[in-house]
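Asks: Using full-length UniProt numbering, the letters of the sequence shown map in sequence onto residues 1 to 559. Beta carbons are placed, not taken as given, at the ideal position from N, Cα and C, and that holds for glycine. Got a structure for you, written out below as structure tokens; questions coming shortly.
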Amino acid sequence: MTAQQAAARPHAARTLWAFLLTALAAAALVLWAVVAAPESFRTVTAYGGGGAGLALAIAVTLAVRYRDRYRAGRLQLAAEAGAAANASAAMAADAARFADETVPAVLAQLGKGSSADTAVSGVRMPDNEAYVRALRAIAEEAARSENRRAAAMAACANAAGRMQAMATGMLADLREMENRHADGDILGDLLHLDHRTAQAGRVADSIAVLSGARSGRRWAKPIAMESILRGAMGRIAGYQRVRLRSVADIAVAGHAAEGVMHVLAELLDNACNFAPPTTEVHVYVAEVPAGAAVTVEDAGLVMSETALRRAERAVSGPPGDLSTLTGTRLGLAVVGHLAYKHGLTVNFRPSAIGGTGVVVMIPQELISRVPESLPAAEDRAAAAGVAVAAPAVRERAGGHPEEQHGAADDGGHVAARVREAAGAGAGAGAGAGETAHRADRPAVEPEPADFALPGLPQRRRGRALEAAHPDGLPGERERDRPERPPRSDRGGLERAGSAARFGAFHRAVTGEKDAAKDVAKDAAKDAPPAGGDSVAAAADSAAAAADPAAPVADPASKT
Numbered sequence: 001m002t003a004q005q006a007a008a009r010p011h012a013a014r015t016l017w018a019f020l021l022t023a024l025a026a027a028a029l030v031l032w033a034v035v036a037a038p039e040s041f042r043t044v045t046a047y048g049g050g051g052a053g054l055a056l057a058i059a060v061t062l063a064v065r066y067r068d069r070y071r072a073g074r075l076q077l078a079a080e081a082g083a084a085a086n087a088s089a090a091m092a093a094d095a096a097r098f099a100d101e102t103v104p105a106v107l108a109q110l111g112k113g114s115s116a117d118t119a120v121s122g123v124r125m126p127d128n129e130a131y132v133r134a135l136r137a138i139a140e141e142a143a144r145s146e147n148r149r150a151a152a153m154a155a156c157a158n159a160a161g162r163m164q165a166m167a168t169g170m171l172a173d174l175r176e177m178e179n180r181h182a183d184g185d186i187l188g189d190l191l192h193l194d195h196r197t198a199q200a201g202r203v204a205d206s207i208a209v210l211s212g213a214r215s216g217r218r219w220a221k222p223i224a225m226e227s228i229l230r231g232a233m234g235r236i237a238g239y240q241r242v243r244l245r246s247v248a249d250i251a252v253a254g255h256a257a258e259g260v261m262h263v264l265a266e267l268l269d270n271a272c273n274f275a276p277p278t279t280e281v282h283v284y285v286a287e288v289p290a291g292a293a294v295t296v297e298d299a300g301l302v303m304s305e306t307a308l309r310r311a312e313r314a315v316s317g318p319p320g321d322l323s324t325l326t327g328t329r330l331g332l333a334v335v336g337h338l339a340y341k342h343g344l345t346v347n348f349r350p351s352a353i354g355g356t357g358v359v360v361m362i363p364q365e366l367i368s369r370v371p372e373s374l375p376a377a378e379d380r381a382a383a384a385g386v387a388v389a390a391p392a393v394r395e396r397a398g399g400h401p402e403e404q405h406g407a408a409d410d411g412g413h414v415a416a417r418v419r420e421a422a423g424a425g426a427g428a429g430a431g432a433g434e435t436a437h438r439a440d441r442p443a444v445e446p447e448p449a450d451f452a453l454p455g456l457p458q459r460r461r462g463r464a465l466e467a468a469h470p471d472g473l474p475g476e477r478e479r480d481r482p483e484r485p486p487r488s489d490r491g492g493l494e495r496a497g498s499a500a501r502f503g504a505f506h507r508a509v510t511g512e513k514d515a516a517k518d519v520a521k522d523a524a525k526d527a528p529p530a531g532g533d534s535v536a537a538a539a540d541s542a543a544a545a546a547d548p549a550a551p552v553a554d555p556a557s558k559t
């Protein structure tokens, strides 16, 4: 017995009872009418009353039946509406579970490297067959998309690695050529190529960071903060505009030094690019209880609140999808990746000098103190005898990066040329008496031992007396004076090469292409053709052209 049949039985009984009751009531009325009617009308009354009663009974029965059917239909419609609502709610729940749980779970499995079949079998399958087909189609398409993305990222990482290797090899070749060539113009061009190659290496490192590949190198020992800052400056085009105002005497752990250097290079490059070319970028480093705070301030346009929030989102939190990046705004994404990797905190704020300031917080676990046994760069330069020329070179070079404590990086290689040029300038022009009377040293004076402590000045006996009296003591006879060996041509050539290197660096960083060259040619043309003396004179002239502030030995005092 079906539910409809069970529901129809009460309706039939109610209809039958309505017919019987109506018929009985009609029969009673007809009987009363027949009894009350005259004898001649009783037959007519009986037939008429019987027909009317039957019609009434049928009408009432039909009315009751239709009423019951209407009620039953209304109840059935309500039940069907409820069932439809329940079915719709169930379908909505299935769709929500499919969209919120099933599909994300499948995509997560695909992101971990699982195949489409493995990812689909690992989740709860929907009851609807259409959902199952849709899930399989989504899984297959997502697997193909993930394979394409992985292939593209691997290709980018491979290309970045090759570019890094090529940049490293190119820098090594340039260094070898810089050490081999002494011509000023050639050396200046090589230094320019060296700097441009370092910038290309930074771009390759950025691509490697975004593609998830290994970037840069790692050192076993901590790297001084000043070396990291100068290495970062050596990787940007506008290094001449960067000013190191205050640098704390701290060092960064070797495994994080490259990442910190890259972060600072990107921030310095942004500061130089988004500020007028006539302004300077100021860098401050302060040691705080939480670690070290590196502040970079420029005098460019002030970022709006929306731009500041967008920049904060780009450098904070875990690395996001690279599909949201634009082709020209990759620096902050690189900073965000490296900051998340090394635990750095990057904050943007309006600068006190009218532009934008960036504060990079290096955590305490990456910070250590610089060993006191290792002198600073200026101390070592002063101990080596270049205390006069080195600061001038650094000022003209705009604070070009230099390496300290064994921190050898591509961006800081030009800094090594700064120190070499500074040493050349000091050797050619800082000590006039030493240049004029270097050939007058006694032949019995030995050179200082190579095993002497590095960075300590070496004093020779009799140097002060010799410099004060180059022609001998007033009462000394000619025959009592020690015989002085002739000037070595090799030493003159070395001084000329060093002076040429210094002049080439000066022209490379200031753009003066012909000044030092013309002065050096004139000096070489006017100098006496006496081998070593003429080379020394040319060296002194080139050094004077490169550094007008450095004193030059008087040619008349040479013997």
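Which word fits D127, buried or exposed, when buried means at least 16 other C-beta atoms lie within 10 angstroms of its C-beta?
Replies: Within the sequence shown, numbered from 1, the residue matching residue 127 stands at position 127. Exposed is the call here.
Asks: So, for W32: in the same chain, excluding its five sequence neighbours on each side, which residues have a beta-carbon less than 7 Å away from its beta-carbon?
Replies: If you number the sequence shown from 1, residue 32 lands on position 32. Within the same chain, W32 has no close Cβ partners at all.
Asks: Give the DSSP bridge partners of A292, in chain order.
Replies: Taking the sequence shown and counting its residues from 1, the one referred to as residue 292 is at position 292. In DSSP, A292 forms a bridge with E287 and I362.
Asks: Give every residue of the same chain whose Cβ lies closer than 6 Å to the Cβ of L20, excluding the five residues on either side of it in the sequence, and list them in chain order.
Replies: On the sequence shown, position 20 is the one that residue 20 refers to. Around L20: no qualifying Cβ.
Asks: Using the Cα positions of L16 and V64, report the straight-line distance between them to the nearest angstrom.
Replies: For the purposes of this step, residue 16 is identified with residue 16 of the sequence shown, where counting begins at 1. For the purposes of this step, residue 64 is identified with residue 64 of the sequence shown, where counting begins at 1. Taking the straight line joining both Cα atoms gives about 9 Å.
Asks: Expressed to the nearest angstrom, what Euclidean distance is found between the alpha-carbon atoms of R14 and A79?
Replies: Taking the sequence shown and counting its residues from 1, the one referred to as residue 14 is at position 14. Taking the sequence shown and counting its residues from 1, the one referred to as residue 79 is at position 79. Using only the alpha carbons, I get a separation of about 23 Å.
Asks: Output yes or no for whether 8 Å exceeds the beta carbon distance between M233 and A293.
Replies: As a first step, residue 233 is located in the sequence shown; it is residue number 233 there, counting from the start. As a first step, residue 293 is located in the sequence shown; it is residue number 293 there, counting from the start. Against a cut-off of 8 Å, the Cβ pair of A293 and M233 comes out as no contact.
Asks: In terms of DSSP beta bridges, what is T15 paired with?
Replies: For the purposes of this step, residue 15 is taken as the residue at position 15 of the sequence shown. Answer by DSSP bridge pairing: none, since T15 is not bridged.
Asks: Runs of 4 residues minimum, wholly inside the stretch 96-151: which ones carry the alpha helix (DSSP H) assignment?
Replies: Qualifying alpha helix (DSSP H) stretches, in chain order: 103-111 and 116-121.
Asks: Excluding sequence positions up to five away, which residues of its chain have a Cβ less than 6 Å from the Cβ of residue 561?
Replies: The structure shown does not extend to residue 561, since the chain spans only 1 to 559, so no value can be given for it.
Asks: What are the boundary residues of the alpha helix (DSSP H) that includes residue 588?
Replies: Past the edges of the chain, shown from 1 to 559, lies residue 588, and the structure says nothing about it.
Asks: According to DSSP, which residues form a beta bridge with I250?
Replies: On the sequence shown, position 250 is the one that residue 250 refers to. Bridge partners of I250: R369.
Asks: Taking the beta carbon of H195 as the centre, do at least 16 other beta carbons fall within 10 Å, making it buried, or is it exposed?
Replies: By 1-based counting over the sequence shown, the position of residue 195 is 195. Of the residues assessed, H195 falls on the buried side of the cut-off, its CB having 16 or more other CB atoms within 10 angstroms.
Asks: Beta carbon of S227: closer than 7 Å to some heavy atom of the ligand HEM?
Replies: What this structure holds is no ligand at all, so the ligand HEM is not there to describe.
Asks: With H, G and I counted as helix, E and B as strand and the rest as coil, what does DSSP make of V334?
Replies: Sequence index remark: in the sequence shown, residue 334 carries index 334 (1-based). Correct three-state label for V334: helix.
Asks: Out of curiosity, what's the CA-to-CA distance linking S211 and N86?
Replies: As a working note, residue 211 is residue 211 in the sequence shown. As a working note, residue 86 is residue 86 in the sequence shown. For S211 and N86, the gap between their C-alpha atoms comes out near 49 Å.
Asks: What's the gap between the Cα of A333 and the Cα of A92?
Replies: Mapped onto the sequence shown, residue 333 falls at position 333. Mapped onto the sequence shown, residue 92 falls at position 92. Cα-Cα distance, rounded: 39 Å.
Asks: Once DSSP output is grouped into helix, strand and coil, what is the label at T279?
Replies: Position 279 of the sequence shown holds residue 279. Correct three-state label for T279: coil.
Asks: DSSP on I223, reduced to helix/strand/coil?
Replies: Taking the sequence shown and counting its residues from 1, one reaches residue 223 at position 223. The answer is strand: DSSP assigns I223 an E or B state.
Asks: Do G355 and V302 count as a contact pair if the criterion is CB distance below 8 Å?
Replies: As a first step, residue 302 is located in the sequence shown; it is residue number 302 there, counting from the start. As a first step, residue 355 is located in the sequence shown; it is residue number 355 there, counting from the start. Taking 8 Å as the Cβ cut-off, V302 and G355 qualify as a contacting pair.
Asks: Could you compute how far the alpha carbon of V242 sits from the alpha carbon of T295?
Replies: The residue given as residue 242 occupies position 242 in the sequence shown. The residue given as residue 295 occupies position 295 in the sequence shown. Going by the C-alpha atoms only, they are around 12 Å apart.
Asks: By a C-beta neighbour count over all protein chains shown, 10 Å radius and 16 as the cutoff for buried, is R230 buried or exposed?
Replies: Working through the sequence shown from its first residue, we reach residue 230 at position 230. When all chains shown are included, R230 counts as buried.
Asks: For Q364, count neighbouring C-beta atoms within 10 Å of its own C-beta (all shown protein chains included) and say buried if the count is 16 or more, exposed if not.
Replies: In the sequence shown, the residue the question calls residue 364 occupies position 364. Q364 comes out exposed.
Asks: How is V302 classed by DSSP in three states: helix, strand or coil?
Replies: Sequence index remark: in the sequence shown, residue 302 carries index 302 (1-based). If DSSP states are grouped into helix, strand and coil, V302 belongs with coil.
Asks: Mind the definition here: the stretch 221-228 touches the stretch 236-254 only if three or more C-beta pairs lie below 8 Å; say whether that holds.
Replies: Taking 8 Å as the limit for Cβ pairs, the verdict is that the stretch 236-254 does touch the stretch 221-228.
Asks: Rounded C-beta distance between E146 and G111? I'm assuming under 8 Å.
Replies: Your numbering for residue 146 matches position 146 in the sequence shown. Your numbering for residue 111 matches position 111 in the sequence shown. Right, the Cβ-Cβ distance comes to about 7 Å (below 8 Å), so this counts as a contact.
Asks: Do you know how far the Cα of D189 is from the Cα of R180?
Replies: What you label residue 180 is simply residue 180 of the sequence shown in a count that begins at 1. What you label residue 189 is simply residue 189 of the sequence shown in a count that begins at 1. Going by the C-alpha atoms only, they are around 14 Å apart.
Asks: By a C-beta neighbour count over all protein chains shown, 10 Å radius and 16 as the cutoff for buried, is F274 buried or exposed?
Replies: Taking the sequence shown and counting its residues from 1, the one referred to as residue 274 is at position 274. Exposed is the call here.
Asks: Grab the span of the beta strand (DSSP E) containing R349 for me, first residue to last.
Replies: Here the question's residue 349 lines up with position 349 in the sequence shown. Unbroken beta strand (DSSP E) run through R349: T345 to P350.
Asks: Look at the Cβ atom of G259, then the Cβ atom of L338, and state whether they are nearer than 8 Å.
Replies: Numbered from its first residue, the sequence shown carries residue 259 at position 259. Numbered from its first residue, the sequence shown carries residue 338 at position 338. L338 is positioned such that its CB atom lies closer than 8 Å to that of G259.
Asks: Select from S316, R69, A96 and V288 the residue whose C-alpha is nearest the C-alpha of T345.
Replies: Numbered from 1 along the sequence shown, position 345 holds the residue referred to as residue 345. That would be S316, whose Cα lies nearest to the Cα of T345.
Asks: What does the alpha-carbon distance come out to for the pair A265 and C272?
Replies: The residue given as residue 265 occupies position 265 in the sequence shown. The residue given as residue 272 occupies position 272 in the sequence shown. Going from the Cα of A265 to the Cα of C272 covers about 10 Å.
Asks: The alpha helix (DSSP H) with A237 in it runs from where to where?
Replies: If you number the sequence shown from 1, residue 237 lands on position 237. Per DSSP, A237 belongs to no alpha helix (DSSP H) and is neither H nor E.
Asks: What does DSSP give as the partner residue(s) for T356 in the beta ladder?
Replies: By 1-based counting over the sequence shown, the position of residue 356 is 356. Answer by DSSP bridge pairing, in chain order: P350.
Asks: Based on Cα-Cα distance, which residue from A36, L54, E287 and T43 lies nearest to residue 573?
Replies: This structure leaves residue 573 out entirely; the chain is present only between 1 and 559.
Asks: If contacts are defined as beta-carbon pairs under 8 Å, then A46 and V34 qualify, I think. What distance do you get, rounded to the angstrom?
Replies: Within the sequence shown, residue 46 is the residue found at index 46, counting from 1. Within the sequence shown, residue 34 is the residue found at index 34, counting from 1. Indeed they touch by this definition, with Cβ atoms about 5 Å apart.
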